[in-house]
Amino acid sequence: ILNVEQSPQSLHVQEGDSTNFTCSFPSSNFYALHWYRWETAKSPEALFVMTLNGDEKKKGRISATLNTKEGYSYLYIKGSQPEDSATYLCAFKTGANNLFFGTGTRLTVIP
Amino acid sequence: GAGVSQSPRYKVAKRGQDVALRCDPISGHVSLFWYQQALGQGPEFLTYFQNEAQLDKSGLPSDRFFAERPEGSVSTLKIQRTQQEDSAVYLCASSPGTHQPQHFGDGTRLSIL
Numbered sequence: 001i002l003n004v005e006q007s008p009q010s011l012h013v014q015e016g017d018s019t020n021f022t023c024s025f026p027s028s029n030f031y032a033l034h035w036y037r038w039e040t041a042k043s044p045e046a047l048f049v050m051t052l053n054g055d056e057k058k059k060g061r062i063s064a065t066l067n068t069k070e071g072y073s074y075l076y077i078k079g080s081q082p083e084d085s086a087t088y089l090c091a092f093k094t095g096a097n098n099l100f101f102g103t104g105t106r107l108t109v110i111p
Numbered sequence: 001g002a003g004v005s006q007s008p009r010y011k012v013a014k015r016g017q018d019v020a021l022r023c024d025p026i027s028g029h030v031s032l033f034w035y036q037q038a039l040g041q042g043p044e045f046l047t048y049f050q051n052e053a054q055l056d057k058s059g060l061p062s063d064r065f066f067a068e069r070p071e072g073s074v075s076t077l078k079i080q081r082t083q084q085e086d087s088a089v090y091l092c093a094s095s096p097g098t099h100q101p102q103h104f105g106d107g108t109r110l111s112i113l
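Protein sequence lines, in the order shown, are assigned to chains A and Y. Quick note on numbering: our numbering labels position 44 of the first sequence as 44, and the sequence is numbered without any gaps. Quick note on numbering: our numbering labels position 60 of the second sequence as 60, and the sequence is numbered without any gaps.
Here it is in structure tokens:
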């Protein structure tokens, strides 16, 4: 089992604040890094699939960067809104087809 | 459009009983994955199908766990002689291809008494 770590474990921010959190993964055998957003009582929703070192992806107010050499990815949320409250999961993919998930960062945006 | 559908949403069984969990992937998705999520943990890989072929079952925790996808669409995860440690959320995901994101179902929450 590969070690994928996410930090912080949980985070409370005020509405309008920008925030970011980290996913750390093994720097060897890199194939892809996935980010998912998981709201309570719903299924995980894919945000980004990142494959290249230096990749930057953006979707609305959410963006992510990738550094495969040092084994980390950052997820940024600009101007957080209450609807951004969710658990954000990253998952590391080796050459095989399975994903190794972190335990997630639980974000709560306070109105 | 229709997403990944899992049934039942909740399942309560007595220790020792057999259970079967169903996953209907998105139509046309070649890849299908099963994950187990224990409380407070991220999803952990169980098994992977490409069409009807089970290409990776390295994550199945014991020989009590068995998965099939006989016609390359619907998949069933079966757990025989359930134990309390099998209590978890079982997630199914499908994907059109290797570099594509996975689309998850809502999961089945299994409780073993």
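Ideal Cβ placement from N, Cα and C applies to all residues, glycine included.
For my contact list, residue 14(A) and residue 110(A) are in at a C-beta cut-off of 8 Å; report their separation, rounded to the angstrom.
-> In this structure, residue 14(A) and residue 110(A) form a Cβ contact; the two beta carbons are roughly 5 Å apart against a cut-off of 8 Å.
Closer than 9 Å, Cβ to Cβ, to anything on chain A: give me those residues from the region 34-52 of chain Y, in chain order.
-> Cβ contacts with chain A come from 35, 37, 40, 41, 42, 43, 44, 45, 46, 47, 48, 50.
Tell me, please, whether the CB atom of residue 65(Y) is closer than 7 Å to any CB atom in chain A?
-> Closer than 7 Å: no.
Looking at the C-beta of residue 98(A), does it have a partner C-beta in chain Y at a distance below 7 Å?
-> At least one chain Y Cβ lies under 7 Å of residue 98(A).
Do residue 64(A) and residue 57(A) come within 7 Å of each other at the CB atom, strictly closer than that value?
-> With contacts defined by Cβ atoms closer than 7 Å, residue 57(A) and residue 64(A) form a contacting pair.
Examine chain Y for any beta-carbon lying closer than 7 Å to the beta-carbon of residue 86(A), and answer yes or no.
-> Output row for residue 86(A): interface = no.
With 16 other CB atoms within 10 Å as the buried threshold, where does residue 71(Y) fall?
-> Looking at its Cβ environment, which holds fewer than 16 other Cβ atoms inside 10 Å, residue 71(Y) is exposed.
Are residue 49(A) and residue 101(Y) closer than 7 Å when you measure CB to CB?
-> Contact flag set, yes.
Check whether the Cβ of residue 105(A) lies closer than 7 Å to any Cβ atom in chain Y.
-> Not an interface residue.
In three-state terms, what does DSSP make of residue 39(A)?
-> In the displayed model, residue 39(A) falls within coil according to three-state DSSP, outside both helix and strand.
Please determine, among 12(Y), 18(Y), 25(Y), the residue with the shortest C-alpha to C-alpha distance to residue 2(Y).
-> Residue 2(Y) has its Cα closest to that of 25(Y), out of 12(Y), 18(Y), 25(Y).
Quick one: does residue 49(A) have its CB under 7 Å from some CB of chain Y?
-> Residue 49(A) counts as touching chain Y.
State buried or exposed for residue 108(A), treating a residue as buried only when at least 16 other CB atoms are found within 10 Å of its CB.
-> Under the 10 Å beta carbon count, residue 108(A) is surrounded by fewer than 16 other beta carbons and is classified as exposed.
Three or more beta-carbon pairs under 8 Å between the region 74-93 of chain A and the region 3-19 of chain Y, yes or no?
-> Not touching, per the Cβ criterion.
Using a Cβ cut-off of 7 Å (strictly closer), state whether residue 97(Y) contacts chain A.
-> Not one chain A Cβ lies under 7 Å of residue 97(Y).
Residues of chain A with a CB under 8 Å from the CB of residue 55(Y): which are they?
-> Correct list: 97.
Quick one, are the C-beta atoms of residue 76(Y) and residue 13(Y) less than 7 Å apart?
-> No, these two residues do not count as a Cβ contact at 7 Å.
Nearest-angstrom Cα separation, counted from residue 69(A) out to residue 29(A) | When rounded, the distance between both Cα atoms is 11 Å.
Would you check if the distance between the CB atom of residue 90(Y) and the CB atom of residue 36(Y) is smaller than 7 Å?
-> Cβ atoms of residue 90(Y) and residue 36(Y): closer than 7 Å.
Check the DSSP bridge columns for residue 9(A) and list the partner residues they point to.
-> According to DSSP, which records beta bridges pairwise, residue 9(A) is partnered with nothing at all.
Per-residue contacts from residue 59(Y) into chain A (C-beta, under 8 Å) | Those are 98, listed as they occur along chain A.
Closer than 7 Å by C-beta to residue 106(Y): which residues in its own chain qualify, once you throw out the five before and the five after it? Chain order, please.
-> Around residue 106(Y): 6, 9.
Could you tell me which residues DSSP puts in a beta bridge with residue 19(Y)?
-> Paired residue(s): 79(Y).
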